Amino acid sequence: MEGYVAVTDHGWYEKLAYEPGSRDVNFWRPSTRAFRLVPGTPFFFKLKAPYNAVVGFGYFVSFTVLPDWLAWETFGEGNGVANLEALRGRLGAIQKGARIAADPAGRIGCCLLAEARFFGVNQWVKAPTDWKPRTQTGAGYDLSKGEGLRVWQECIERARAMAPNLLEAAEPSSDEPRYGEPTLHRPRLGQGIFRIQVLDAYDRACAVTGEHSLPVLEAAHIKPYSRGGIHEVPNGITLRSDVHRLFDRGYVTVDDNRLIVGKRLRDDFANGRSYYSLHGKPIQLPGDPTSWPAAAAIQWHREHVFLG
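By the working numbering, the letter at position 11 of the sequence shown is numbered -2, and the numbering carries on one by one without gaps.
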C-alpha cells in the first residue's frame, strides 16, 4: 500500500494539533491543479525545516476545488486557520512567494482528509531518512517496507495510544507481530466531507430544480444523522435551500426517483403553488450509480418523515 507524505506548514499544524480526537480537515493547496490519490490512502503531515518531523496523519477521501468561502463555511478551523480572512491572507502570501496566479473566483484546491489526528511535540515521528530536501509539496512512500513502513507503524502506535477503539487501520500478522501489512482503510466521514461529496456527486446542482447557484445549495441527509443516518453519499441529495427545508419537515419526499409534493403543504399554509409545479418531476441523479439515493433511505423518509 502506498502512502503520501505531505509537506505541511507549522502554522496549519499548530492550529489543529490540540483538538482532541480525529476530525475532517481540509489540506488546502494554493493552486486548483488536480491532485490524485486512491481514496483511503494514508496522508501524513510532515513539517518543513527546521522541524522535519511527521506530526500526524489522516486518510485521503477526495480532491476538489472550492471557493475559499465555501471551504471556510464547511470546515471552519479544520482549514488550519482562525477565520476566512486568515485563510485568504495565508493563501495570498503562499501564492505570491511561489508566483502562483490567484484564481479570479477565489477558488482553492482542497484535499479532503477524514479521521485526521495530530501528535503533540513529544510524540512526533522522525521524518523519513531518505526524504529529498528539495521536495516542495510531498512524496509517495511504500508503506510495506523501509522508511514508509517505519513511519506508518510509528504513527499507528501513537494513534492507537490516543484512541485504541477508533483505529482499524491494520491487522496483526506473523511477519509483523505488532501491526502487519498495511491495508487501505475506509474512514468514517464527518459532516464537512459529506456535504462536499454530495454537492460534487450532483455536479453542484439541485436535484429537483437544477439550480447551480452554490450559495443556496445544500447537502440534505435523507435519513438524518440524529436518527441513525450516515454521512455517506447514498444517504444524501443536493437540494436548493428552500426545497431542503420542505424535505426535512416532511412536506416533500421522493418516490420512484420523482419529487412528491404532499397536500399538507397546501393545508398548512394555504399556498405552495410554486412547489406544486414540481410535483412528479424526475430527480436528476448523479452520473455515478453508486452515488444514487439508497432505496432504503428513501423508503424510511417516506414512512417516517413525509406528512402526506
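Just so it is clear, CB atoms sit at the ideal spot from N, CA and C, and this is done for glycine as well. In this text the structure is predicted, and so the values were computed from the model without any measurement.
Can you give the Cα-Cα distance for Thr240 and Glu219, rounded to whole angstroms?
Sequence index remark: in the sequence shown, residue 240 carries index 253 (1-based). Sequence index remark: in the sequence shown, residue 219 carries index 232 (1-based). Between Thr240 and Glu219, the C-alpha separation is close to 19 Å.
From Phe234, Asp243, Trp118 and Asn66, pick the residue whose C-alpha is nearest to that of Phe33; which is it?
Translated into positions along the sequence shown, residue 33 becomes position 46. The displayed chain sequence assigns Lys, not Phe, to residue 33. The shortest Cα separation from Lys33 among Phe234, Asp243, Trp118 and Asn66 belongs to Trp118.
Going by C-alpha to C-alpha distance, which of Ile95, Val108 and Gly84 sits closest to Trp56?
What you label residue 56 is simply residue 69 of the sequence shown in a count that begins at 1. Checked all of Ile95, Val108 and Gly84; the closest Cα to Trp56 is Ile95.
Just to confirm the assignment, what range does the beta strand (DSSP E) spanning Tyr46 have?
Within the sequence shown, the letter at position 59 stands for residue 46. Ala40 to Pro54 is the extent of the beta strand (DSSP E) around Tyr46.
Residues in the same chain with beta-carbon distance under 8 Å from Gly295, minus the five sequence neighbours each way, listed in chain order, please.
Locating residue 295 in the sequence shown gives position 308, where the first residue counts as 1. These residues qualify, in order along the chain: Gly249, Lys250 and Arg251.
To which residues of the same chain is Arg175 closer than 7 Å at the C-beta, ignoring the five residues directly before and after it?
Indexing the sequence shown from 1 puts residue 175 at position 188. Hits under 7 Å: Ala101 and Glu102.
Please name the residue, chosen from Thr122, Met149, His288 and Pro115, that lies closest to Trp139 on a Cα-to-Cα basis.
Walking along the sequence shown from the start, residue 139 turns up at place 152. The shortest Cα separation from Trp139 among Thr122, Met149, His288 and Pro115 belongs to Pro115.
Glu72 to Asn66, Cα distance in whole Å?
Here residue 72 corresponds to residue number 85 of the sequence shown, with the count starting at 1. Here residue 66 corresponds to residue number 79 of the sequence shown, with the count starting at 1. Answer to the nearest angstrom: the Cα atoms are 12 Å apart.
Could you name the residues that DSSP lists as bridge partners for Cys142?
Against the sequence shown, residue 142 aligns to sequence position 155. According to DSSP, Cys142 bridges with nothing at all.
Please name the residue in Arg227, Asp275 and Gly223 whose C-alpha comes closest to that of Thr196.
Along the sequence shown, one-based indexing puts residue 196 at 209. Of the candidates Arg227, Asp275 and Gly223, the one whose C-alpha sits nearest the C-alpha of Thr196 is Arg227.
Have a look at Ile247, Cys98, Pro280 and Leu53 and flag the residue whose alpha-carbon is nearest the alpha-carbon of Val25.
Position 38 of the sequence shown, counted from the start, is the residue given in the question as residue 25. Considering only alpha carbons, the answer is Cys98.
Can you list the beta strand (DSSP E) stretches of 3 or more residues lying completely in the region 74 to 146, in chain order?
Along the region 74 to 146, the beta strand (DSSP E) occurs as fully enclosed runs of 3 or more residues at 94 to 105 and 125 to 129, listed in sequence order.
How long is the line joining the alpha carbons of Ser18 and Lys113, rounded to whole angstroms?
Translated into the one-based positions of the sequence shown, residue 18 becomes position 31. Translated into the one-based positions of the sequence shown, residue 113 becomes position 126. Spanning the two alpha carbons is a distance of roughly 29 Å.
Comparing C-alpha positions only, which one of Glu290, Pro280 and Asp229 sits nearest to Gly259?
For the purposes of this step, residue 259 is taken as the residue at position 272 of the sequence shown. The option with the nearest alpha carbon to Gly259 is Asp229.
With 16 as the cutoff for other CB atoms within 10 Å, does Arg16 come out buried or exposed?
As a position in the sequence shown, residue 16 is number 29, starting the count at 1. In summary, Arg16 is buried, with 16 or more beta-carbon neighbours lying within 10 Å of its beta-carbon over all protein chains present.
Whole-angstrom distance between His(-3) and Leu130, CA atom to CA atom
To locate residue 130, count along the sequence shown from 1; it is residue 143. To locate residue -3, count along the sequence shown from 1; it is residue 10. Roughly 24 Å separates the two Cα atoms.
Endpoints, alpha helix (DSSP H) assigned at His208
To locate residue 208, count along the sequence shown from 1; it is residue 221. Run containing His208: none in the alpha helix (DSSP H); it sits in the beta strand (DSSP E), Leu204 to His208.
Assign Tyr212 to buried or exposed, taking buried as 16 or more other Cβ atoms, counted over all protein chains shown, within 10 Å of its Cβ.
By 1-based counting over the sequence shown, the position of residue 212 is 225. Counting of Cβ neighbours within 10 angstroms places Tyr212 among the exposed residues, the total staying below 16.
With respect to the alpha helix (DSSP H) encompassing Trp287, which residues constitute its N-terminal and C-terminal limits?
Numbered from 1 along the sequence shown, position 300 holds the residue referred to as residue 287. Here the alpha helix (DSSP H) through Trp287 covers Ala282 to His291.
Where does Asp162 land, buried or exposed, given buried means 16+ other C-beta within 10 angstroms?
Taking the sequence shown and counting its residues from 1, one reaches residue 162 at position 175. Caution is warranted here: a pLDDT of 41 is assigned to Asp162, below 50, making its placement in the model unreliable, and the coordinate value is therefore given only provisionally. Exposed, since its Cβ has fewer than 16 Cβ neighbours within 10 Å.
Short of 7 Å in beta carbon distance, which residues of its chain neighbour Arg173, apart from the five on each side in sequence? Order them along the chain.
Taking the sequence shown and counting its residues from 1, the one referred to as residue 173 is at position 186. Closer than 7 Å at Cβ, skipping near neighbours: Gly27.
Helix, strand or coil: how does DSSP classify Thr61 here?
As a working note, residue 61 is residue 74 in the sequence shown. Three-state DSSP puts Thr61 in a helix.
Spatial neighbours of Val203 within its chain, please: CB distance less than 7 Å, with the 5 preceding and 5 following residues excluded, ordered by chain position.
Along the sequence shown, read from residue 1 onward, the residue named residue 203 stands at position 216. Contacts found: Arg227 and Ser228.
Same chain only: Cβ atoms within 8 Å of Ala85, ignoring 5 sequence neighbours per side
Within the sequence shown, the letter at position 98 stands for residue 85. These residues qualify, in order along the chain: Pro17.
With Phe181 as the anchor, note down where its beta strand (DSSP E) starts and where it stops.
For the purposes of this step, residue 181 is identified with residue 194 of the sequence shown, where counting begins at 1. Counting along the chain, Phe181 falls outside any beta strand (DSSP E), though it belongs to the alpha helix (DSSP H) covering Gln178 to Ala188.
Given this structure, state the Cα-to-Cα distance separating Cys142 from Ile217, to the nearest angstrom.
The residue labelled residue 142 in the question sits at position 155 within the sequence shown. The residue labelled residue 217 in the question sits at position 230 within the sequence shown. C-alpha separation (whole angstroms): 27 Å.
Considering only the beta carbon of each residue, do Asn296 and Ala281 sit closer than 8 Å?
Residue numbering for the chain in the displayed model covers -12 to 295; residue 296 lies beyond these limits and cannot be assessed.
Consult DSSP for Leu226 and reduce its assignment to one of helix, strand or coil.
By 1-based counting over the sequence shown, the position of residue 226 is 239. Correct three-state label for Leu226: strand.
On the three-state DSSP scale, how would you describe Leu233?
Your numbering for residue 233 matches position 246 in the sequence shown. If DSSP states are grouped into helix, strand and coil, Leu233 belongs with the helices.
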